[in-house]
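Numbering (the working numbering), first residue to last: 61 to 182.
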């Protein structure tokens with residue numbers, strides 16, 4: 061099933077990045093995403109994000125995560141049935157591909173280009 065046909069009320073986009081609410085680039089990207097998707101929830105800390113993911117009942121989530129925090133959180137949450145995909149939104153593709161290739165839910169690891177992230181989401 062493609063993400064476009066999935067019931068958006070049951071699909072959550074979770075963005076974990078220590079700079080998600082402070083970086084100008086992230087702020088601009090977040091504004092565009094909020095126009096495109098129904099639910100975008102942001103976290104700056106791994107523990108808060110994990111708690112939220114554990115609270116999901118029937119909803120599924122796509123995780124957008126920075127390279128550094130992705131490396132920290134994925135060992136704990138990759139097997140959660142709530143997580144259907146992980147998008148690593150990073151500036152160092154080579155370094156992040158090294159740790160992320162062992163996780164099959166990581167489907168993209170790209171440079172910080174908001175157009176690629178937005179195209180992935182829509």
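All C-beta atoms in this analysis are idealised placements derived from N, C-alpha and C, irrespective of residue type, glycine included.
Every value quoted in this text rests on a predicted model; they were computed, and no experiment measured them.
- Under DSSP, the beta-bridge partners assigned to residue 120 are 71.
- Apart from the 5 residues on each side of it in sequence, residue 116 sits with its Cβ closer than 6 Å to the Cβ of 142 in its chain, given in chain order.
- Three or more beta-carbon pairs separated by less than 8 Å link the region 102–112 to the region 127–146, which places the two stretches in contact.
- In this structure residue 72 does not touch residue 110 by the C-beta definition: roughly 14 Å separates them, more than the 8 Å allowed.
- Residue 76 counts as buried, since no fewer than 16 other beta carbons sit within 10 angstroms of its beta carbon.
- Take residue 121, set aside five residues on each side of it, and the residues of its chain with a beta-carbon closer than 6 Å to its own are 72, 74, 142, 143, in chain order.
- Per DSSP, residue 100 lies in no alpha helix (DSSP H); the unbroken beta strand (DSSP E) holding it starts and ends at 100–103.
- Residue 163 sits in coil when the DSSP states are folded into three classes, being neither helix nor strand.
- Rounded to the nearest angstrom, the gap between the Cα atoms of residue 150 and residue 88 is 16 Å.
- Under the criterion of beta carbons closer than 8 Å, residue 123 and residue 146 qualify as touching, at roughly 5 Å.
- For residue 137, the secondary structure class from DSSP, reduced to helix, strand or coil, is helix.
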